[in-house]
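Protein chains in written order, with my numbering: chain A, -5 to 285; chain B, 12 to 402.
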């Protein structure tokens, strides 16, 4: 590992997956990197004035515009003749990517800026108190998709953000998670070598929002892959058939092993039918990916 | 060199002469000709800039913030709904002290939807920490755009600036304009050298999370910069006059020296108001016209000086702060409230949504002001040019 560029002393919750991901990514990107962070957990825990956890230049502007701000930086570096050798990375949460930031992301991808957009997906608006986003998985109980007499928790399925980005015909789209750090770093390295927009979807478990003991962050990010809930893949070009699984799972574990460790799915453990439904959905997805 | 240009093209030409480096834009009527002209310059190699075809005004200004923070001279343009869509970012740009320049094609806000001239869009953003200039001719558009870069980039200022161009009256109307030579502009406006940038060699965090312990001080510093700008504007006006020969003032005054009734205007209505003043002066009436070229920072001192003989100050607003009166009226009232000698300040709303502004409207305003002075009876605000049969 290179020098630490994301420093200790920030205010993230114990066991925060997002900050682990940032350390892993910056260890590959190095100091010649400019970070764009939209409003969200990461900005709040790491930039509280007059302190900062970032040893690289960082800009936070608003919630929905990381991709647009990064576009401006990309062009300014070009105009100033400084573009070579500097990485422009956007680190956005799932809300800032799947929901409010989707338009700016689409614009940036379409215009072909040399920006690596990294979505740190903890599957809800964790910074503001665990409200659902369109990245929240089916049946998860959140403060705006609560379990109730007439509710099983989140009623919709997770938005297929990777497929949406692939459809933009960009050079590289990949998924990763912090348990498989070598896979994650390899993909970041590959993205950084490409001159053009790349999208990385990184699953980052959140002990507070998912309700699990903070020492299980890595365990859960591994289980997400081992159960087939979050397959690791990469895709070059616009064709989904180019999608390549980067972590084959020889014996896929039952999805229950992943869900039972999380308070947001506690009710699923008491509901055989719902559990079977979720397992079936994961099985179908894995069949599609050839996992 | 004399050129015939419309307002949008005057702003684009000025941006080119200022060697702007990044132009993110999203076209909106009546500002569309600005990004069109810029894209033409770039396509023909006349301007070496990165032109970003943003997918919304929100993203256009976001890209400006990124580009300016990365150290590039940056501008964009917008109008009406587009400016409203940029609203949250306007505060961020000024809070981050980024000297972005933005011509605004002054247009009414929905609903009902209307593409014609009024000042509601930029006036609604008067508290956003942007300098605001209002232009009366295409020459002013060109000159103020050049001066805006110099003022905004001054180390004592570092604030973004918007320029008001009345929709269609300026944006789409061609006039003869004296365009300076590139070498002259180069001498007037040195390359943009920001103090702080997103530089990996000297990493800094921009746009921090700020607790109640620190927030107020940031705002105080920005407000101080806004006040300091007043002097910088005078300095730049003087330098501009020395180099290009054209003289500007924050408050333009016409026949105000002994005027008892002064009409206060912004933008292109000022010329019409001056014609009315000329007509009335020929009849021996002591009237004058004062028009603001600078609206933020508000030129209180200059206005008080210009209005020293006035018994009535008739503030004409091409906007309305619904439930009260025109926004400029509020500013004028505030600037006189603690002053020992204050005129009667009246307020007239006219020309909203592109309604024609006529000489007779100002004659009516003067009539009304005279009556108010005699009877001490008046209504705030008074609407001018309404079609009573529709109400």
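We put the CB at the ideal spot given by N, CA and C, even for glycine. Everything numeric in this text was worked out from a predicted model, so none of it was measured.
Item to complete: May I ask you to list, following chain order, the residues of the segment 107 to 120 of chain A that have a beta carbon less than 7 Å from some beta carbon of chain B?
Response: none
Fill in: Runs of alpha helix (DSSP H) lying entirely within the segment 67 to 152 of chain A, each at least 4 residues, in chain order
96 to 105
Fill in: Selection from A:246, A:172, A:203 and A:90 that minimises the alpha carbon distance to residue 256 of chain A
Residue 256 of chain A sits at position 262 when you count from the first residue of the first chain. For residue 256 of chain A, the nearest C-alpha among the options comes from A:203.
Worksheet item: Which residues of chain A have a Cβ atom closer than 7 Å to the Cβ of residue 445 of chain B, listed in chain order?
Response: Residue 445 of chain B is absent from the structure shown; chain B starts at 12 and stops at 402.
Worksheet item: Which partner residues of residue 235 of chain A appear in the DSSP bridge assignment?
Response: Counting from 1 along the first chain, the entry for residue 235 of chain A is found at position 241. None, per the DSSP bridge assignment.
Discussion item. Quick check on residue 164 of chain B - is its C-beta less than 8 Å from some C-beta in chain A?
Written reply: Working through the second chain from its first residue, we reach residue 164 of chain B at position 153. Chain A contact via Cβ: absent.
Worksheet entry | Nonlocal neighbours in the same chain, by C-beta distance under 7 Å from residue -5 of chain A, ignoring five residues either side | Within the first chain, numbered from 1, the residue matching residue -5 of chain A stands at position 1. Unreliable positioning characterises residue -5 of chain A in this predicted model, as indicated by a pLDDT of 49, which lies under 50. A coordinate reading is not provided.
Worksheet item: Would you say residue 77 of chain B faces chain E, with C-beta separation under 8 Å as the test?
Response: The chain labelled as chain E is not found among the protein chains of the depicted structure, namely A and B.
Worksheet entry | Proximal residues, the segment 59 to 87 of chain B versus chain A, C-beta separation under 7 Å | 60, 61, 63, 64, 65, 66, 67, 69, 70, 73, 74, 75, 76, 77, 78, 80, 81, 82 and 83
Practice prompt. With 7 Å as the limit, tell me which residues of the segment 188 to 216 of chain B have their beta carbon closer than that to any beta carbon of chain A; keep them in chain order.
Written response: Answer in chain order: 209, 210, 211, 214, 215 and 216.
Item to complete: For residue 50 of chain B, collect the residues of the same chain with a Cβ closer than 7 Å to its Cβ; drop the 5 residues on either side in sequence, then sort them by chain order.
Response: Walking along the second chain from the start, residue 50 of chain B turns up at place 39. Contacts found: 62.
Worksheet entry | CB contact flag (residue 365 of chain B, residue 125 of chain B, <8 Å) | Looking up residue 365 of chain B in the second chain gives position 354. Looking up residue 125 of chain B in the second chain gives position 114. For residue 365 of chain B and residue 125 of chain B, yes; Cβs fall inside 8 Å.
Item to complete: Could you pull the start and end residues of the alpha helix (DSSP H) that residue 263 of chain B belongs to?
Response: As a first step, residue 263 of chain B is located in the second chain; it is residue number 252 there, counting from the start. Counting along the chain, residue 263 of chain B falls outside any alpha helix (DSSP H), though it belongs to the beta strand (DSSP E) covering 262 to 265.
Worksheet entry | For residue 174 of chain B and residue 199 of chain B, believed in contact at Cβ under 8 Å, the rounded distance | The count along the second chain starts at 1 and reaches residue 199 of chain B at position 188. The count along the second chain starts at 1 and reaches residue 174 of chain B at position 163. In fact, because the Cβ distance is near 17 Å, the residues do not count as touching under 8 Å.
Fill in: Min CB distance residue 228 of chain A to chain B below 8 Å
Taking the first residue of the first chain as position 1, residue 228 of chain A is located at position 234. False, the Cβ-Cβ gap to chain B never drops below 8 Å.
Practice prompt. Verify the CB distance criterion: does residue 45 of chain B have a CB-CB separation below 8 Å to chain A?
Written response: In the second chain, counting from the first residue as 1, residue 45 of chain B sits at position 34. Judged by the 8 Å Cβ criterion, residue 45 of chain B is not in contact with chain A.
Fill in: C-alpha gap between residue 404 of chain B and residue 253 of chain B, whole angstroms
Residue 404 of chain B is absent from the model: chain B starts at 12 and stops at 402.
Worksheet item: Mind checking whether residue 155 of chain A and residue 232 of chain A have CB atoms under 8 Å apart?
Response: Against the first chain, residue 155 of chain A aligns to sequence position 161. Against the first chain, residue 232 of chain A aligns to sequence position 238. No.
Discussion item. Quick check: is the beta carbon of residue 103 of chain B nearer than 8 Å to any beta carbon in chain A?
Written reply: Within the second chain, the letter at position 92 stands for residue 103 of chain B. With 8 Å as the cut-off, residue 103 of chain B counts as an interface residue toward chain A.
Worksheet item: Between A:221, A:199, A:227 and A:7, which lies nearest to residue 241 of chain A when the distance is taken from Cα to Cα?
Response: Reading the first chain from its first residue, position 247 is the one you call residue 241 of chain A. That would be A:227, whose Cα lies nearest to the Cα of residue 241 of chain A.
Practice prompt. May I ask you to report which of helix, strand or coil DSSP gives residue 394 of chain B?
Written response: Your numbering for residue 394 of chain B matches position 383 in the second chain. If DSSP states are grouped into helix, strand and coil, residue 394 of chain B belongs with the strands.
Worksheet item: What does residue 225 of chain B touch in chain A if you count any residue whose Cβ is under 8 Å from its own?
Response: Residue numbering aside, residue 225 of chain B sits at position 214 when the second chain is read from its first letter. By Cβ distance, chain A contributes 43 and 44.
Discussion item. Is there a Cβ of chain B sitting closer than 8 Å to that of residue 156 of chain A, yes or no?
Written reply: Reading the first chain from its first residue, position 162 is the one you call residue 156 of chain A. When Cβ-Cβ separations below 8 Å define contact, residue 156 of chain A makes no contact with chain B.
Worksheet entry | Interface residues of chain A facing residue 99 of chain B [CB-CB closer than 8 Å] | Here residue 99 of chain B is taken as the residue at index 88 of the second chain, counted from 1. What residue 99 of chain B touches in chain A, judged by beta-carbon distance under 8 Å, is 56, going in chain order.
Worksheet item: When you compare each of B:386, B:142 and B:107 to residue 80 of chain B by their alpha carbons, which one comes out closest?
Response: For the purposes of this step, residue 80 of chain B is identified with residue 69 of the second chain, where counting begins at 1. Looking at the Cα atoms, B:107 is the closest of the given residues.
Worksheet item: In whole angstroms, what is the alpha-carbon distance linking residue 12 of chain B and residue 85 of chain B?
Response: Against the second chain, residue 12 of chain B aligns to sequence position 1. Against the second chain, residue 85 of chain B aligns to sequence position 74. Each residue's alpha carbon lies about 25 Å from the other.
Discussion item. So the candidates are B:317, B:374, B:331 and B:361; which of them puts its Cα closest to the Cα of residue 352 of chain B?
Written reply: Start at 1 with the first residue of the second chain, and residue 352 of chain B comes out as number 341. Ranking B:317, B:374, B:331 and B:361 by Cα distance to residue 352 of chain B puts B:317 first.
Worksheet item: Any Cβ of chain A within less than 8 Å of the Cβ of residue 53 of chain B?
Response: In the second chain, residue 53 of chain B corresponds to position 42, counting from 1. No, because no Cβ of chain A sits closer than 8 Å to the Cβ of residue 53 of chain B.
Discussion item. List, in chain order, every chain B residue whose beta-carbon is nearer than 8 Å to that of residue 72 of chain A.
Written reply: Sequence index remark: in the first chain, residue 72 of chain A carries index 78 (1-based). Residues of chain B passing the Cβ test: 61.
Fill in: DSSP-derived helix/strand/coil call for residue 97 of chain B
Translated into positions along the second chain, residue 97 of chain B becomes position 86. Correct three-state label for residue 97 of chain B: coil.
Discussion item. Between which residues of its own chain and residue 125 of chain A is the CB-CB distance below 7 Å, once the five residues before and five after are set aside?
Written reply: To locate residue 125 of chain A, count along the first chain from 1; it is residue 131. Excluding positions up to five away in sequence, the list reads 118, 119, 136, 137 and 138.
Worksheet entry | Contact set for residue 182 of chain B: own chain, Cβ-Cβ below 6 Å, skip 5 residues either direction | By 1-based counting over the second chain, the position of residue 182 of chain B is 171. Short of 6 Å from the beta carbon of residue 182 of chain B, and not among the five residues preceding or following it, lie these beta carbons of its own chain, in chain order: 18, 19, 41, 116 and 176.
Practice prompt. Could you tell me how far apart the beta carbons of residue 217 of chain A and residue 247 of chain A are, in whole angstroms, since I believe they sit closer than 8 Å?
Written response: Here the question's residue 217 of chain A lines up with position 223 in the first chain. Here the question's residue 247 of chain A lines up with position 253 in the first chain. Contact flag correct, Cβ pair sits at about 7 Å.
Discussion item. Taking its Cβ as the centre, do 16 or more other Cβ atoms sit within 10 Å of residue 189 of chain A, making it buried, or is it exposed?
Written reply: As a working note, residue 189 of chain A is residue 195 in the first chain. When all chains shown are included, residue 189 of chain A counts as exposed.
Practice prompt. Please state if the CB of residue 215 of chain A and the CB of residue 171 of chain A are separated by a distance shorter than 8 Å.
Written response: Stepping through the first chain from its first residue, residue 171 of chain A is reached at position 177. Stepping through the first chain from its first residue, residue 215 of chain A is reached at position 221. Yes. Within cutoff.
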